[in-house]
Each structure stands twice: as structure tokens, then as C-alpha cells.
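For the sequence shown, the positions run 242 to 520 when the working numbering is used. Every residue gets a Cβ at the ideal spot worked out from N, C-alpha and C, and that includes glycine. Predicted, not measured: the structure shown is a model, and the values here were computed from it. Please read the structure below before turning to the comments.
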Amino acid sequence: MSYQTSQIERNYVLYARMQNARSLFMILKAINFKELATCFLSANGIKVTVEDAKCMQANAFIQTGLFQEYKCRKNSAIFRINLNILMECLGIFGLGNSVSGAPEPITNLKMYYCGYGTPLTLILEEGGVITDCSIKTHEAEETLDFEFYGSNVVNKIIMKAECLRETFGDLDMTSEVLKILTSPDMPYLRLSTFGHSGSTNIEYPKDSSVVEAFECNETQVNNYQFTLLKPSTKALNQASKVCIRTDARGFLSLQYMIRVEDGQICFVEYLCAPEEEEW
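As C-alpha cells, this is what we get:
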């Protein structure tokens with residue numbers, strides 16, 4: 242053990258050990274659409290936030306149960322980090338890019354953070370080969386508060402993700418907006434785009450086999466910038482279920498339930514503000 246590593250292990254704010262780094266890699270991949278991310282550390286786990294255009298926010302929630310060991314010596318700590326570099330470091334051994342039919346190797350991960358101004362240190366081991374990465378952290382900037390609370394949710398629909406993946410494949414990606422209608426009455430749920438090939442409308446009845454829960458209290462029709470929502474397909478491609486929620490202001494929450502390598506469940510949420518109406 243080097244002197245530097247020994248110092249880190251004594252002075253850490255965060256120490257976390259994960260048996261399979263692929264789990265963390267896959268969760269962060271679901272929000273990896275911008276270079277910088279903000280990390281919030283607490284005794285309950287890690288939240289990683291990425292934002293775009295002050296209108297959209299993605300959050301990955303990495304609960305303590307995902308780690309074999311997790312220790313946070315402060316009530317909270319926050320820093321910004323280059324998410325692209327973090328992803329490169331986590332994937333330094335290839336994370337399962339093994340020869341077809343061969344057992345998939347497992348990358349063990351230890352992660353340390355020693356406080357304001359210090360780097361995030363990763364120690365990765367696979368097959369007896371050890372590498373350590375030191376990633377510079379930055380002072381965190383204020384993140385958006387969408388004030389999206391469960392008590393203010395007006396409409397909520399839980400669907401199987403596979404169906405929604407097919408829907409996004411059928412929508413016109415040249416459209417500037419995605420119009421979402423949710424209602425207690427027909428057509429219940431409608432997704433619409435308006436692109437170069439004309440308008441596309443896809444509807445789901447509330448008793449559809451792909452709808453697992455339907456709780457709509459009023460009819461809402463809102464437009465969202467499609468370019469802001471396209472990154473959410475990164476989470477959709479990994480998810481097994483999706484929860485679509487809107488509040489009284491028309492703010493949209495897309496919650497994705499993702500099952501990671503060891504079978505545990507993690508959640509990724511995309512929040513998006515509606516387009517303002519033109520008068």
C-alpha cells in the first residue's frame with residue numbers, strides 16, 4: 242500500500258466498495274449526456290445530477306444497498322465532476338467485453354473522497370490487475386429546484402418500458418416538441434410529434450396490458466422540447482418500468498426503474514419543464 246493510498250484511507254469523507262463496478266457504470270450511463278455532473282453525498286447514498294438548458298434535469302440515485310461497504314463521515318458533501326472521465330475510468334477494464342461464451346470478468350471498485358478540493362479516487366481490480374484513477378473535482382454550482390413534489394402530482398401512469406421504447410422508435414425525431422396528453426377519459430394517454438413526415442399520434446387505453454397503474458385526475462395537454470427529452474432514452478433502454486407523472490404546472494417527471502447486475506433496483510429520474518404557451 243502506498244503512502245498516498247494510506248493517507249486517503251485515513252482521511253476520507255466517503256469510502257465505498259462495490260463488488261461489481263458495472264452496476265455503477267450502467268446507472269451513470271443512463272444520465273451521461275453532458276460533460277459535467279454534480280454529486281451529492283450523504284449517509285443514504287449518492288445522487289448524481291446532470292442538467293441541460295435550465296429546463297431539464299436528470300438524477301441517478303445510488304442507494305447504499307448497492308455497495309458492499311458504504312461510509313460517509315459527513316451529513317452531506319457536494320462537488321462537480323467530469324462525468325465523461327468518470328465513465329472512462331469505471332470502464333477501464335472493458336466491463337464485460339469478454340470473448341463470447343467465456344465467463345464475464347468482474348471489476349471490483351473502491352471509491353474515496355476526502356473533502357472539498359480533493360480528487361475522487363477510484364481503485365479498480367480485475368483478475369489480479371489493479372489500477373487507480375484520481376479525478377479532479379470542482380466546486381459545485383447551484384442546481385435547479387423543480388419543486389416537483391409527490392403531493393402535487395395530478396396524473397400518474399406506470400408502464401412497461403419495452404412498450405415505451407417501441408413508441409419512441411415510432412415518433413418523428415425531427416419534431417421540435419413532444420406533446421403529451423393525459424386524461425381520466427379517452428384517449429387516456431397520447432404522445433404526439435409534428436415533424437417532417439407529418440404528425441404522429443400514439444395512444445394507450447388505461448386498461449392496456451402495458452399499463453400497470455393509471456391514476457389521472459384531470460385532463461392535461463403539455464408540450465415539451467423534444468431535444469431535451471431525447472437523452473432520457475439512455476435510461477429507457479435499460480429500464481423495466483417507467484412512471485410518467487405531471488403536476489398542476491405541467492412539469493413532467495419520468496422515473497425509470499433499472500435492475501442492475503446483482504438484481505437490485507435503482508431509479509433514474511428525468512424532470513422537464515413544459516413549453517410556455519404563446520399568447
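From residue i to residue j, what does the alpha carbon distance come to, in whole angstroms?
i      : j      : result
Ile421 : Arg251 : 52 Å
Leu526 : Met297 : The shown model of the chain, from 242 to 520, leaves out residue 526, and the question about it has no answer.
Glu380 : Leu405 : 37 Å
Gly332 : Ile326 : 10 Å
Pro515 : Gln466 : 8 Å
Gln461 : Asp488 : 9 Å
Asp448 : Glu276 : 41 Å
Cys513 : Cys484 : 14 Å
Tyr256 : Ser375 : 14 Å
Met427 : Ser494 : 22 Å
Cys507 : Asn442 : 31 Å
Arg490 : Leu419 : 17 Å
Phe318 : Leu282 : The question names Phe, but residue 318 in the sequence shown is Ala. Cα-Cα distance, rounded: 5 Å.
Glu456 : Ile322 : 38 Å
Val509 : Asp413 : 25 Å
Arg314 : Lys471 : 37 Å
Gly335 : Glu444 : 40 Å
Ser416 : Tyr353 : 44 Å
Phe186 : Lys288 : No answer is possible for residue 186: it lies beyond the span of the chain, which begins at 242 and ends at 520.
Thr372 : Arg500 : 27 Å
Ser339 : Arg263 : In this prediction, Ser339 scores a pLDDT of 49, lower than 50, which makes its location untrustworthy; the coordinate-derived value is nonetheless stated afterwards. Ser339 and Arg263: Cα-Cα distance of roughly 13 Å.
Gly504 : Phe435 : 39 Å
Glu453 : Leu365 : 40 Å
Asn316 : Val254 : 10 Å
Lys229 : Leu361 : Outside the shown range of the chain (242 to 520) lies residue 229, about which nothing can therefore be said.
Gly358 : Cys330 : 20 Å
Arg486 : Ile347 : 37 Å
Glu502 : Val370 : 22 Å
Start and end of the beta strand (DSSP E) containing residue i?
i      : result
Lys280 : The sequence shown places Cys at residue 280, not Lys. Cys280 -> beta strand (DSSP E) spans Leu277 to Ser283.
Met414 : First-last for Met414: undefined, no H or E at that position.
Thr423 : Val418 to Thr423
Ile443 : Gly439 to Tyr445
Thr362 : Leu361 to Glu367
Thr434 : Leu430 to Gly436
Thr487 : Ala480 to Asp488
Leu350 : Asn349 to Tyr354
Met427 : Where Met427 is concerned, there is no enclosing beta strand (DSSP E), given that its DSSP letter is neither H nor E.
For residue i, name the three-state secondary structure that DSSP assigns.
i      : result
Lys401 : strand
Leu493 : strand
Lys295 : coil
Val340 : Confidence at Val340 is low in this model, with a pLDDT of 48, below 50, so the placement of that residue should be treated as unreliable; the coordinate-derived value is given next. Correct three-state label for Val340: coil.
Ala514 : coil
Thr372 : strand
Gly306 : helix
Gln449 : Here the sequence assigns Ser to residue 449, which means Gln is not the residue at that position. Reduced to three states, the DSSP call for Ser449 is coil.
Leu226 : Residue 226 lies beyond the range of the chain shown here (242 to 520); nothing can be said about it.
Thr408 : helix
Asn252 : helix
Go to residue i, then tell me how far its alpha helix (DSSP H) extends in each direction, as first and last residue.
i      : result
Thr474 : Thr474 to Leu477
Cys330 : Leu324 to Leu331
Ser264 : Ala262 to Lys270
Which residues does DSSP pair with residue i in a beta bridge?
i      : result
Glu456 : Lys397
Cys317 : For clarity, residue 317 is Ser in the given sequence; the question names Cys instead. In the DSSP output, where bridge partners are listed per residue, Ser317 has Ser283.
Asn273 : Answer by DSSP bridge pairing: none, since Asn273 is not bridged.
Phe334 : Beta-bridge pairing links Phe334 to no other residue.
Thr378 : Ile322
Gln461 : Thr423
Can you find a C-beta in chain C that's less than 9 Å from the C-beta of residue i?
i      : result
Lys447 : Of the protein chains in the structure, only one exists, and it is not chain C.
Flag residue i as yes when its Cβ comes closer than 8 Å to any non-hydrogen atom of the ligand NAD, and as no otherwise.
i      : result
Val395 : No copy of the ligand NAD appears in this structure; indeed no ligand is present at all.
Quiz item: Just checking, does the region 278-297 make contact with the region 378-387 on the three C-beta pairs under 8 Å criterion?
Solution: yes
Quiz item: Taking one C-beta from the region 309-317 and one from the region 267-280 each time, how about it: are there three or more such pairs within less than 8 Å?
Solution: Because the criterion of three Cβ pairs below 8 Å is not met, the region 309-317 and the region 267-280 do not touch.
Quiz item: Do the region 397-414 and the region 467-479 touch if we need at least three Cβ pairs shorter than 8 Å?
Solution: yes
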